[in-house]
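Student: Chains C and P supply the protein sequences, listed in that same order. Going by my numbering, 296 is the number at position 296 of the first sequence; the sequence numbering is gapless. Going by my numbering, 1036 is the number at position 36 of the second sequence; the sequence numbering is gapless.
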Amino acid sequence: MLASSPRLRAILLRVAQAIPVVIGVVVISFLLTRALPGDPAVYFAGVAADEASIEETRVAMGLDKPLPVQFLHYVGDLLRGDLGQSLSSGRAVATDLANRLPASLELTLTALILAVVIAVPLGVLAATRPGTWVDHLCRVLVTAGVSLPTFFTGILLIYIFYYLLGIAPSPLGRLDFIYLSPDHVTGFYLIDAALMGDWETWRGAAKQLVLPAATLALFTLAPIARMTRAAMLTALSSDFIRTAKAAGLSNRAVLYRYAFRNALLPVVTTLGMVFSFALGANVLVEKVFAWPGIGSYAVEALVVSDYAAVQGFVLAMALLFVVLNLVIDLLYTAIDPRIGFDAQ
Amino acid sequence: MTDQTSRRSFLKMGAAGASMLPLLRALPASAQGSDTLVVVTGATINSLDLHRTGTSRASYQVGINCYDRLLTFGTKEVPGNGLSYDYTVVEPELAESWTESDDGLTLTFKLKSNATFWDGRKVTAADVKWSFDRAVSVGGFPTVQMKAGGLERPEQFVAVDDETFVIKLDRPSKLTIPDLAVPVPYIINSAEAVANATEDDPWALEYLHTTPAGSGAYKVARWNPGEQLVYERNDDWVGGPLPATKRVVIREVPSPATRRALIERGDVQVAFNIPDKDAAELADTLDVFSTPVENCIHCLCPNFSFEPFQDPDVRKAIAYAVPYEDIFQAAAFGRGLPLWGGSEEITDIAWPRKTQYFTDLDKAKEHMANSAYADGFDVPLSISLDLASWMEPTALLVQEALGKIGINVTIEKIPGANWRTAVLVEKRLPLHLENFGGWLNTPDYYFFWAYKDGHLFNSSNYRNEEIEALVDATLHMPMDDPEYAPQIQRMFEIALDELPRIPLYQPALNVATNGAEGYEFWFHRQLDVRVLSAV
């Protein structure tokens, strides 16, 4: 079976290669969280805690044991699928992640799609018409995108579209409080609401998405547009394009069948990187729009040295990126069949 | 009752029930009518059970709004600025009446006979005993707070019959009755809790963490940690006047700028705990309540275990160098109360009080010249990054001022997670900013925590034998005892002369409302939603 499907075998091999990465992440996240400043027992024992109650908290958190023992406990729990209990949210880390990761992903993916839809055509146009107004527009957008911090863009958009014009919904997270969140299937409100056929809620969720997604999209479209433009310029000036043109192929065919397809590889690579940037930039966007995502969760956990939550977050992110890299690799082979898994 | 609350049960919520929902769906938040109020806050409610380890301050509001205590405080008007709780008036909540034995050692409470839990079961003295046993047994903050009122062991609590509950004290104390009205000693439905307890978890900490079981004014209809908490009124509440609002939505919005936009637009009715700057700017257009936090002082603390600060002249030099007015304007935007420029003579027992210090560089230089450090010295001034909004401007102004009298200050910023350990537990910061506010509003209680050697908020490692004796003598003494006032005044005199803490100003808690009224300030600095109503 495996032998009959080289691609499946390759994918499995690729997944197996991720195992040492994940183990490394587990060890490093454990050690790094312990290196955080602050004594979580003191923090969580509360404002008026005396020494005895701090000590009780320490024992309850298992922090009185030596590091190797704590690590063994942690790994043992992990193997059972238990990411531990977050003290700051008071719930199981796995539950928190399951609730919050879809919120972040929905926002990030929407923003990314929005960014791609704008940035790729813009980059192509800018490359085919260098020096024209499209090229300048591209440059302005790119400059704005990289130079405006996301929290600033977010607050500015809220100020204009919500505060002054009153056309955006109140920036109160994923849904205004008058809606009920749809039943949890994927955790993506747009998908879940559509599955339920509840278009009222779908519209509510979509409306809430517009401003934060636009904020994030403005931030992410810069590298995509730049990379598209550069890759297109390189492709357009290569020999095979000149040959194609000389052979009398139509402009359209040259542009899309040959140049664009060749330019796609670096663009997809950039997309993968941008996705990780966007997940990071999410933190501030989530704060501004009260978005209950994973970024604000991780920052909060870091601030109070909430070990389990930080470790769970790092682990989830590591897995996410392993998957992301796998997807990008697969995309490569789809775009350019010359790139096989065996090609090194 | 978490986010698992099904759509169905949410639909059933409230008397209006399902018929309410189409209306809710169709209307924008601003047109909700008087049934629902929306509150925004920046803090996260991380548990529905205050007794649990790691429960955040913001979560205390659940203890207040969903549970009853035996007693509560009355209400008074704050001059020119809305309502506040009244520490001097104690009123019944679940108790109908109470009596004190002549020796002050036995307190007998009669419970209201018509009080019921949400599940319809009658509130009995056994529930009170179970809840008090829990508070003194789980350890951590609830146990410490109970101890402040002399409530330490389960044997002290006796359920005589269904409606009679007795507390036996080791010694009479004026702090016991007020301590019964703080958020900690709330009454839990013990039958429901016990049914959900396990061998490892006899106090049902896991169950009550997500599922409140009380008799209070509001139930929790929905809780999504990090997002929102929805209160729904308990129409059978007997602990006080029935709240006017059927449903209160607490939304967590971390960004102060977003909170401000929401309240200005009127899409939410209450913005809780807004920054001083916003409060100062919004006061012209909205109802803004800036209530000075009782028994709370922001102060600059020179640490006695650091040599230059053992010199009284150095401490006085600092007290005269501090630019109080500038700090009050830059750090608090004039919100709160000034605590400088008072008279040296102490004739009352009001606390916090204005100190006899004011900004006078000549005096400061004089004291520096008289000290053993006439040439000055270097010192780090530590601040917490979590409290940077007031600490950072204050620290910069202090740095500049102390530079003028030869004290070379470098500002050291400490991450929030590390701050408590450094300042309160290890007490290792030479010069730092600190604030403490006691829930029980008497000067002796403040001194107990902040001026007694080894106590948590005495971050200056201060020890004075006379203060030790005076605090021990006055802590449980009734305030109308003729010996009380002179001893308290002596305490003030010593503390303000020796200056282990240099009071800067009394901070305020800022709340903006737009379409709601009845806001009342509480010492626990959390929102009491029971008194809010829409306008």
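Beta carbons are placed, not taken as given, at the ideal position from N, Cα and C, and that holds for glycine. These numbers come from a predicted model, not from an experiment.
#1: Using beta carbons (cut-off 7 angstroms, strictly below), is R1251 of chain P in contact with chain C?
#2: If you draw a straight line from the C-alpha of S1215 of chain P to the C-alpha of N1189 of chain P, how long is it?
#3: I believe V25 of chain C touches A301 of chain C by the beta-carbon criterion, under 8 angstroms. Please report the beta-carbon distance rounded to the nearest angstrom.
#4: Strictly under 7 angstroms for the Cβ-Cβ distance: is L1262 of chain P near chain C by that measure?
#5: Mind listing the chain P neighbours of K287 of chain C? Cutoff is C-beta to C-beta under 8 angstroms, in chain order.
#6: Starting from the Cα of D162 of chain C, find the closest Cα among P:L1499, P:D1313, P:A1257 and P:H1051 and give me that residue.
#7: To which residues of the same chain is M1020 of chain P closer than 6 angstroms at the C-beta, ignoring the five residues directly before and after it?
#8: How big is the Cα-Cα spacing for K1076 of chain P and Y1085 of chain P?
#9: When you compare each of P:D1170, P:L1180, P:G1149 and P:A1331 to V1128 of chain P by their alpha carbons, which one comes out closest?
#10: Establish whether the CB of H1209 of chain P and some CB of chain C are separated by less than 7 angstroms.
#11: Per DSSP, G1437 of chain P is paired with what?
#12: Helix, strand or coil for H1476 of chain P? Go by DSSP, reduced to three states.
#13: Below 8 angstroms on the Cβ atoms is my guess for I1383 of chain P versus Q1399 of chain P; work out the distance and round it to an integer in Å.
#14: Alpha carbon to alpha carbon, what distance is there between D1362 of chain P and A281 of chain C?
#15: From the beta carbon of S104 of chain C, is the nearest beta carbon of chain P less than 7 angstroms away?
#16: Tell me, please, whether the CB atom of L1024 of chain P is closer than 7 angstroms to any CB atom in chain C?
#17: Looking at chain C, which residues of the segment 1407 to 1436 of chain P have a Cβ within less than 7 angstroms of any of its Cβ atoms?
#18: Is N1046 of chain P close to chain C? Criterion is C-beta to C-beta, closer than 7 angstroms.
#19: Anyone know if the C-beta pair for A1135 of chain P and P1142 of chain P falls short of 7 angstroms?
#20: Taking the alpha carbon of S1097 of chain P as the reference point, which residue from P:T1072, P:A1450 and P:G1082 has its own alpha carbon closest?
#21: Indicate the three-state DSSP secondary structure (helix, strand or coil) for Q1329 of chain P in the structure shown.
#22: As a quick exercise: from P:P1292, P:F1457, P:N1408 and P:F1377, pick the residue whose alpha carbon is nearest that of D50 of chain C.
#23: Ignore the nearest five residues each way along the sequence and tell me which others in A193 of chain C's own chain have a CB closer than 7 angstroms to its CB.
#24: Give me the chain P residues within the contact set of V304 of chain C, using Cβ-Cβ distance strictly less than 7 angstroms, ordered along the chain.
#25: Using the DSSP secondary-structure output, state which residues sit across from C1301 of chain P in a beta bridge.
#26: Hey, out of P:P1443, P:P1292 and P:I1187, whose CA is closest to G1334 of chain P's CA?
#27: Whole angstroms are fine: how far does the CA of A1534 of chain P sit from the CA of R1057 of chain P?
#28: Please confirm whether A41 of chain C has its beta-carbon closer than 7 angstroms to some beta-carbon of chain P.
#29: Among P:A1372, P:L1385, P:A1364 and P:R1428, whose alpha-carbon lies nearest the alpha-carbon of G1403 of chain P?
#30: Taking the beta strand (DSSP E) that P1185 of chain P falls in, what are its first and last residues?
#31: Can you check whether the C-beta of E1227 of chain P is within less than 7 angstroms of a C-beta belonging to chain C?
#32: Under 6 angstroms Cβ to Cβ from D1311 of chain P, same chain only, skipping five residues before and after it: list those, please.
#33: Mind pulling the chain D residues with CB within less than 9 angstroms of T57 of chain C?
#34: Tell me, please, whether the CB atom of D1311 of chain P is closer than 7 angstroms to any CB atom in chain C?
#35: For W133 of chain C, which of helix, strand or coil comes out of DSSP?
#36: Show which residues of chain C have a CB atom less than 7 angstroms away from the CB atom of T1072 of chain P.
Tutor: Short version:
#1: On the second sequence, position 251 is the one that residue 1251 of chain P refers to. At least one chain C Cβ lies under 7 angstroms of R1251 of chain P.
#2: Mapped onto the second sequence, residue 1215 of chain P falls at position 215. Mapped onto the second sequence, residue 1189 of chain P falls at position 189. Between S1215 of chain P and N1189 of chain P, the C-alpha separation is close to 8 angstroms.
#3: Along the first sequence, one-based indexing puts residue 25 of chain C at 25. Along the first sequence, one-based indexing puts residue 301 of chain C at 301. About 16 angstroms; that fails the 8 angstroms criterion.
#4: Taking the first residue of the second sequence as position 1, residue 1262 of chain P is located at position 262. Chain C contact via Cβ: present.
#5: Counting from 1 along the first sequence, the entry for residue 287 of chain C is found at position 287. Near K287 of chain C (Cβ distances below 8 angstroms), the residues of chain P are P1254 and S1255.
#6: Taking the first residue of the first sequence as 1, we reach residue 162 of chain C at position 162. Note that residue 162 of chain C is Tyr in the sequence shown, not Asp. Of the listed residues, the one whose Cα sits closest to Y162 of chain C is P:A1257.
#7: On the second sequence, position 20 is the one that residue 1020 of chain P refers to. Residue confidence is low: M1020 of chain P scores 38 on pLDDT, short of 50, so the model does not pin down where it sits. Its coordinate-derived value is still stated next. Nothing meets the Cβ criterion.
#8: The count along the second sequence starts at 1 and reaches residue 1076 of chain P at position 76. The count along the second sequence starts at 1 and reaches residue 1085 of chain P at position 85. The straight-line gap from Cα to Cα measures roughly 6 angstroms.
#9: Counted from its first residue, the second sequence places residue 1128 of chain P at position 128. Residue P:L1180 is the option with its Cα nearest to V1128 of chain P.
#10: Numbered from its first residue, the second sequence carries residue 1209 of chain P at position 209. Answer yes: the Cβ-Cβ gap between H1209 of chain P and chain C drops below 7 angstroms somewhere.
#11: Translated into positions along the second sequence, residue 1437 of chain P becomes position 437. Paired residue(s): P:C1296.
#12: Residue mapping note: residue 1476 of chain P aligns to position 476 of the second sequence, counting from 1. DSSP places H1476 of chain P in the coil class of the three-state scheme, outside both helix and strand.
#13: Here the question's residue 1383 of chain P lines up with position 383 in the second sequence. Here the question's residue 1399 of chain P lines up with position 399 in the second sequence. That pair is no contact at about 10 angstroms.
#14: Numbered from 1 along the first sequence, position 281 holds the residue referred to as residue 281 of chain C. Numbered from 1 along the second sequence, position 362 holds the residue referred to as residue 1362 of chain P. C-alpha separation (whole angstroms): 51 angstroms.
#15: Working through the first sequence from its first residue, we reach residue 104 of chain C at position 104. Cβ-Cβ to chain P under 7 angstroms: no for S104 of chain C.
#16: Your numbering for residue 1024 of chain P matches position 24 in the second sequence. Bear in mind that the predicted position of L1024 of chain P carries a pLDDT of just 41, short of 50, making it too unreliable to give a figure here.
#17: P1415, G1416, A1417, N1418, R1420, T1421 and V1425
#18: Against the second sequence, residue 1046 of chain P aligns to sequence position 46. Closer than 7 angstroms to some Cβ of chain C, the Cβ of N1046 of chain P qualifies, so yes.
#19: As a first step, residue 1135 of chain P must be located in the second sequence, where it is residue number 135. As a first step, residue 1142 of chain P must be located in the second sequence, where it is residue number 142. Against a cut-off of 7 angstroms, the Cβ pair of P1142 of chain P and A1135 of chain P comes out as a contact.
#20: Position 97 of the second sequence, counted from the start, is the residue given in the question as residue 1097 of chain P. The shortest Cα separation from S1097 of chain P among P:T1072, P:A1450 and P:G1082 belongs to P:T1072.
#21: What you label residue 1329 of chain P is simply residue 329 of the second sequence in a count that begins at 1. Q1329 of chain P: helix per DSSP, three-state reduction.
#22: On the first sequence, residue 50 of chain C is found 50 positions in, with the first residue counted as 1. For D50 of chain C, the nearest C-alpha among the options comes from P:F1457.
#23: Residue mapping note: residue 193 of chain C aligns to position 193 of the first sequence, counting from 1. Taken in chain order, the residues that qualify are P182, T201, W202 and A205.
#24: Here residue 304 of chain C refers to the residue found at position 304 of the first sequence. Result: A1417.
#25: Mapped onto the second sequence, residue 1301 of chain P falls at position 301. Bridge partners of C1301 of chain P: P:H1432.
#26: For the purposes of this step, residue 1334 of chain P is taken as residue 334 along the second sequence, with counting starting at 1. Looking at the Cα atoms, P:P1292 is the closest of the given residues.
#27: Along the second sequence, one-based indexing puts residue 1057 of chain P at 57. Along the second sequence, one-based indexing puts residue 1534 of chain P at 534. One C-alpha to the other measures close to 26 angstroms.
#28: Start at 1 with the first residue of the first sequence, and residue 41 of chain C comes out as number 41. Answer no: the Cβ-Cβ gap between A41 of chain C and chain P never drops below 7 angstroms.
#29: Counted from its first residue, the second sequence places residue 1403 of chain P at position 403. For the residues P:A1372, P:L1385, P:A1364 and P:R1428, the minimum Cα distance to G1403 of chain P belongs to P:A1364.
#30: Indexing the second sequence from 1 puts residue 1185 of chain P at position 185. Careful: P1185 of chain P lies outside any beta strand (DSSP E) and carries neither H nor E.
#31: Translated into the one-based positions of the second sequence, residue 1227 of chain P becomes position 227. Closer than 7 angstroms to some Cβ of chain C, the Cβ of E1227 of chain P qualifies, so yes.
#32: Here residue 1311 of chain P refers to the residue found at position 311 when the second sequence is read from its first residue. Once the five neighbours on either side are set aside, the close Cβ partners of D1311 of chain P are S1371 and A1372.
#33: Checking the listed chains, one finds no chain D in this structure; the protein chains it contains are C and P.
#34: Along the second sequence, one-based indexing puts residue 1311 of chain P at 311. Not one chain C Cβ lies under 7 angstroms of D1311 of chain P.
#35: For the purposes of this step, residue 133 of chain C is taken as the residue at position 133 of the first sequence. The answer is helix: DSSP assigns W133 of chain C an H, G or I state.
#36: Taking the second sequence and counting its residues from 1, one reaches residue 1072 of chain P at position 72. Within 7 angstroms Cβ-Cβ: nothing; T1072 of chain P doesn't reach chain C, min ~21 angstroms.
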